[in-house]
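**Student:**
There are 2 protein chains.
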Amino acid sequence: MRIAVVAPSSRFSEDDAARVTGIAARLHPEVELFFHPQCFLSHNHFAGTDAERIAALVEVANDPGFGAIWFARGGYGACRVAEEALALFGPAARDKAWLGYSDAGFLLAGLYKAGFPDLAHGPMPADVTRDGGDAAVARALAWLTKRHADALEAHLALGDAHAAFNLTVFSHLVGTALEPDLTGHVLLLEDVSEHMYRIDRSFFHVTGQRSVRKIAGIRLGRVSNVPPNDPEFGEDEVQIAHLWCRKAGIAFLGPADIGHDSANKVVPFGRF
Amino acid sequence: MRIAVVAPSSRFSEDDAARVTGIAARLHPEVELFFHPQCFLSHNHFAGTDAERIAALVEVANDPGFGAIWFARGGYGACRVAEEALALFGPAARDKAWLGYSDAGFLLAGLYKAGFPDLAHGPMPADVTRDGGDAAVARALAWLTKRHADALEAHLALGDAHAAFNLTVFSHLVGTALEPDLTGHVLLLEDVSEHMYRIDRSFFHVTGQRSVRKIAGIRLGRVSNVPPNDPEFGEDEVQIAHLWCRKAGIAFLGPADIGHDSANKVVPFGRF
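So the protein sequences, as listed, match chains A and B. Using my numbering, read the first sequence as starting at 884 and increasing by one per residue. Using my numbering, read the second sequence as starting at 884 and increasing by one per residue.
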């Protein structure tokens, strides 16, 4: 199986790519991992200009030789390229598996809206730099190559439809051309490096959308690396999720084993 | 004229209230400025619990003895109380002038949606703590008491409809029950203390809304106190506004003299 790695958001590093290639070679010698050179470009905040990121994404998406596209990392920038890139995807793009999370959620959202059948929220090559990051990379490869059940988020129920996003990313894509119809879906949300008042405000925004009020419920993943709130916010993310779900008439379904960490499990979009 | 000050977001201080009262007494001895004691309450991030903030807001809104409601300051919290408070407003609330900005934009939005005729984006009592803050307070009072033309943002055109918001606040209220219909309006946006990548992401979100694509155009106020971007974002707020307006087919109309500073001018909502 050939897997292409591209970076629609921030820049990736050659050293980290080498580490991921090493893990893949050891665990999955049958896999050919192709880091598109675009991953290592640098333009301002991004892994190359918008045009360079679009070109790389379209190139690997439309190449029938790749069985999967794996987003290298998050950061920021996918929303600047998603619509243009998607418009250039041909039939070969639809036949692939797609995997990533965080800022890559902008693309997963647009792909899901476009009816792509094989999308998942889960670890990326950049997770190799985390504590225990090898396990995250191994989990992603186990999913992409063998659909290994151990990679899956444990609360997912057969027959239910699911989607997973970074809360802040999801908050910024509702109402745009990238927002998929999540009617009846269990929505798993996680976040990182946001003040607790921002988590609260994002929950207000997300649960206040008419579209989101049609989901089956919300599960809350980890909200990590929260900067100190001044003054103390006084409510944690679970209380916040409860409050806004109650106000919005959305079922709060409990925790989700996803987050910006090496334990981040895989959530396939849709039913599985 | 009696003006009531309430704090639907973060806590205000007695010392700052005394300074504002002093300015009002000197410049407008005819004004009676009433700082509702709720301004000085403290509950976690907020000027009192949600219930206390709602009660104070409803009390002054429904009191026919007040000619204006002036929001004490921003911070965070208005989105937690806006819908409930608005539902309890009677006819006396509609007869008043309302003034504030920043987080108070959540309330201005909901009030404008509800058809309140006398709303403005402009300085608040908390601006007294800024460099030159006395002038901001004086400008707000000149607007509330005499509709002084010098208080107005200079680009506003007679006959045009306007609305002004903090970009991040506006980004978090689109699609919710608080979003007003801004079809045909000139939308003035400003922001503060947001990384440039967040400004970019908010512009993606805001200009990506079908509702926002019906406005007459965007004017950009000051984007101040921007934390360092890592790496350098490489585009400034004007380039960002141009980019997203172009992609969205929204007219970019140039600068606006609003911002989180003492020069912040008054923008009445609607036509004036």
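Positions of the beta carbon are idealized from the N, C-alpha and C atoms, including for glycine.
On the DSSP bridge list, what partners appear for asparagine 1049 of chain A?
**Tutor:** Along the first sequence, one-based indexing puts residue 1049 of chain A at 166. Paired residue(s): A:Glu1073.
**Student:** Using the rule of at least 16 other Cβ atoms within 10 Å of the residue's Cβ for burial, across every protein chain shown, is aspartate 978 of chain B buried or exposed?
**Tutor:** Locating residue 978 of chain B in the second sequence gives position 95, counting from the first residue. So aspartate 978 of chain B ends up on the exposed side.
**Student:** Using a beta-carbon distance cut-off of less than 9 Å, what residues from the stretch 1106 to 1125 of chain B approach chain A?
**Tutor:** Asn1112, Asp1113, Pro1114, Glu1115, Phe1116, Gly1117, Glu1118
**Student:** Since alanine 975 of chain B and asparagine 945 of chain B are thought to touch, with beta carbons under 8 Å apart, how far apart are those beta carbons, to the nearest angstrom?
**Tutor:** Residue numbering aside, residue 975 of chain B sits at position 92 when the second sequence is read from its first letter. Residue numbering aside, residue 945 of chain B sits at position 62 when the second sequence is read from its first letter. For alanine 975 of chain B against asparagine 945 of chain B, the beta-carbon gap comes to about 5 Å, under 8 Å, which counts as contact.
**Student:** What residue range is occupied by the uninterrupted alpha helix (DSSP H) comprising proline 1138 of chain B?
**Tutor:** Against the second sequence, residue 1138 of chain B aligns to sequence position 255. Where proline 1138 of chain B is concerned, there is no enclosing alpha helix (DSSP H), although the beta strand (DSSP E) it sits in stretches over 1135 to 1138.
**Student:** Taking one C-beta from the stretch 963 to 970 of chain A and one from the stretch 930 to 942 of chain A each time, how about it: are there three or more such pairs within less than 8 Å?
**Tutor:** Contact holds between the stretch 963 to 970 of chain A and the stretch 930 to 942 of chain A, because three or more Cβ pairs, one in each stretch, are under 8 Å apart.
**Student:** Against valine 1069 of chain B, what residues of chain A qualify as contacts under a CB-to-CB distance less than 7 Å, listed in chain order?
**Tutor:** The residue labelled residue 1069 of chain B in the question sits at position 186 within the second sequence. Within 7 Å of the CB of valine 1069 of chain B, no CB atom of chain A is found; the nearest one sits about 21 Å away.
**Student:** Are the stretch 1103 to 1112 of chain A and the stretch 1069 to 1083 of chain B touching, with three or more C-beta to C-beta distances below 8 Å?
**Tutor:** no
**Student:** For aspartate 1083 of chain B, is the beta carbon positioned less than 6 Å from some heavy atom of the ligand SAH?
**Tutor:** Inclusion of the ligand SAH in the displayed structure is not the case, the ligand content being empty and no account of it being possible.
**Student:** Mind checking if cysteine 1128 of chain A is an interface residue toward chain B, Cβ cutoff 7 Å exclusive?
**Tutor:** Here residue 1128 of chain A refers to the residue found at position 245 when the first sequence is read from its first residue. So no, cysteine 1128 of chain A is outside the interface.
**Student:** Between the alpha carbons of arginine 1171 of chain A and serine 896 of chain A, how many angstroms are there, rounded?
**Tutor:** This structure cannot settle anything about residue 1171 of chain A, because the visible part of chain A is limited to 884 through 1155.
**Student:** I'd like to know if the stretch 1120 to 1138 of chain B and the stretch 1010 to 1027 of chain B are in contact, where contact means that at least 3 CB-CB pairs between them fall below 8 Å.
**Tutor:** In this structure the stretch 1120 to 1138 of chain B does not touch the stretch 1010 to 1027 of chain B; the number of beta carbon pairs closer than 8 Å is below three.
**Student:** Name the chain B residues whose beta carbon is nearer than 8 Å to that of arginine 1084 of chain A?
**Tutor:** By 1-based counting over the first sequence, the position of residue 1084 of chain A is 201. Chain B residues near arginine 1084 of chain A: Tyr959, Cys962, His1055.
**Student:** Three or more C-beta pairs under 8 Å: does that hold for the stretch 1051 to 1065 of chain A against the stretch 1089 to 1099 of chain A?
**Tutor:** yes
**Student:** Report the three-state DSSP secondary structure of proline 1110 of chain B (helix, strand or coil).
**Tutor:** For the purposes of this step, residue 1110 of chain B is taken as the residue at position 227 of the second sequence. Residue state, collapsed to three classes: coil.
**Student:** Could you give the uninterrupted runs of the beta strand (DSSP E) lying entirely in the stretch 977 to 1018 of chain A, keeping only those of 3 residues or more?
**Tutor:** 980 to 983, 1002 to 1004
**Student:** How long is the line joining the alpha carbons of isoleucine 1123 of chain B and proline 912 of chain A, rounded to whole angstroms?
**Tutor:** Residue numbering aside, residue 1123 of chain B sits at position 240 when the second sequence is read from its first letter. Residue numbering aside, residue 912 of chain A sits at position 29 when the first sequence is read from its first letter. If I take the Cα positions, the gap works out to 45 Å.
**Student:** Does any residue of chain A have a CB that is nearer than 7 Å to the CB of threonine 1059 of chain B?
**Tutor:** By one-based count along the second sequence, residue 1059 of chain B stands at place 176. Yes, threonine 1059 of chain B lies at the interface with chain A (some Cβ there is under 7 Å from its Cβ).
**Student:** Buried or exposed: where does threonine 1066 of chain A fall if 16 or more other Cβ atoms within 10 Å of its Cβ makes it buried?
**Tutor:** Taking the first sequence and counting its residues from 1, the one referred to as residue 1066 of chain A is at position 183. It is exposed - the Cβ of threonine 1066 of chain A has fewer than 16 other Cβ atoms within 10 Å.
**Student:** Looking only at C-alpha atoms, which of B:Leu991, B:Leu1103, B:Gly988 sits nearest to alanine 1139 of chain B?
**Tutor:** Translated into positions along the second sequence, residue 1139 of chain B becomes position 256. The closest CA to that of alanine 1139 of chain B, considering only B:Leu991, B:Leu1103, B:Gly988, is found on B:Leu1103.
**Student:** One question on the structure: do glycine 993 of chain B and leucine 971 of chain B come within less than 7 Å of each other, judged by their Cβ atoms?
**Tutor:** Here the question's residue 993 of chain B lines up with position 110 in the second sequence. Here the question's residue 971 of chain B lines up with position 88 in the second sequence. No, the Cβ-Cβ distance between glycine 993 of chain B and leucine 971 of chain B is not below 7 Å.
**Student:** Is proline 947 of chain B helix, strand or coil when you go by DSSP?
**Tutor:** As a position in the second sequence, residue 947 of chain B is number 64, starting the count at 1. Residue state, collapsed to three classes: coil.
**Student:** Can you pull the chain A residues whose beta carbon is under 9 Å from the beta carbon of phenylalanine 1087 of chain B, in chain order?
**Tutor:** The sequence position of residue 1087 of chain B within the second sequence is 204, counting from 1. Those within 9 Å of phenylalanine 1087 of chain B in chain A are Cys962, Arg963, Phe989, His1055, Leu1056, Thr1059.
**Student:** Sort B:Asn1112, B:Leu1050, B:His1088 by Cα distance to methionine 1079 of chain B and report the nearest one.
**Tutor:** Against the second sequence, residue 1079 of chain B aligns to sequence position 196. Of the candidates B:Asn1112, B:Leu1050, B:His1088, the one whose C-alpha sits nearest the C-alpha of methionine 1079 of chain B is B:Asn1112.
**Student:** Hey, quick one: how far does the beta strand (DSSP E) through glutamate 915 of chain B stretch, first residue to last?
**Tutor:** Position 32 of the second sequence, counted from the start, is the residue given in the question as residue 915 of chain B. Glutamate 915 of chain B -> beta strand (DSSP E) spans 915 to 918.
**Student:** So valine 1121 of chain A is in the alpha helix (DSSP H); what residue range does that whole segment cover?
**Tutor:** Residue mapping note: residue 1121 of chain A aligns to position 238 of the first sequence, counting from 1. Note, valine 1121 of chain A: alpha helix (DSSP H), 1120 to 1131.
**Student:** Please name the residues in the stretch 938 to 953 of chain A whose beta-carbon is closer than 9 Å to at least one beta-carbon of chain B, in chain order.
**Tutor:** none
**Student:** State the start and end residues of the unbroken beta strand (DSSP E) segment that holds isoleucine 1098 of chain B.
**Tutor:** Position 215 of the second sequence, counting from 1, holds the residue named residue 1098 of chain B. Unbroken run through isoleucine 1098 of chain B: none, as it is neither H nor E.
**Student:** Work out the CA separation of histidine 1125 of chain A and aspartate 933 of chain B for me, nearest whole Å.
**Tutor:** In the second sequence, residue 933 of chain B corresponds to position 50, counting from 1. In the first sequence, residue 1125 of chain A corresponds to position 242, counting from 1. One C-alpha to the other measures close to 15 Å.
**Student:** Quick check on phenylalanine 923 of chain B: does DSSP put it in helix, strand or coil?
**Tutor:** Within the second sequence, residue 923 of chain B is the residue found at index 40, counting from 1. Helix at phenylalanine 923 of chain B.
**Student:** Using DSSP's beta-bridge definition, name the partner residues of isoleucine 952 of chain A.
**Tutor:** On the first sequence, position 69 is the one that residue 952 of chain A refers to. DSSP output for isoleucine 952 of chain A lists A:Ala887, A:Trp981 as bridge partner(s).
**Student:** Using a C-beta to C-beta distance shorter than 8 Å, which residues of chain A count as neighbours of glutamine 921 of chain B?
**Tutor:** Stepping through the second sequence from its first residue, residue 921 of chain B is reached at position 38. Within chain A, no residue comes near glutamine 921 of chain B; the closest Cβ sits about 17 Å away, beyond 8 Å.
**Student:** Report the residue from B:Asp1119, B:Ala1047, B:Gly1153 whose alpha carbon sits nearest the alpha carbon of isoleucine 1101 of chain B.
**Tutor:** Residue numbering aside, residue 1101 of chain B sits at position 218 when the second sequence is read from its first letter. If we check each option's Cα against that of isoleucine 1101 of chain B, B:Ala1047 comes out closest.
**Student:** Given that tyrosine 1080 of chain A touches chain B, what residues does it touch there, using C-beta distances under 9 Å?
**Tutor:** In the first sequence, residue 1080 of chain A corresponds to position 197, counting from 1. Within 9 Å Cβ-Cβ: His928, Gly958, Tyr959, Gly960.
**Student:** Would proline 1006 of chain B be called buried (16 or more neighbouring beta carbons within 10 Å of its own) or exposed?
**Tutor:** Residue 1006 of chain B sits at position 123 when you count from the first residue of the second sequence. Buried, because 16 or more other Cβ atoms sit within 10 Å of the Cβ of proline 1006 of chain B.
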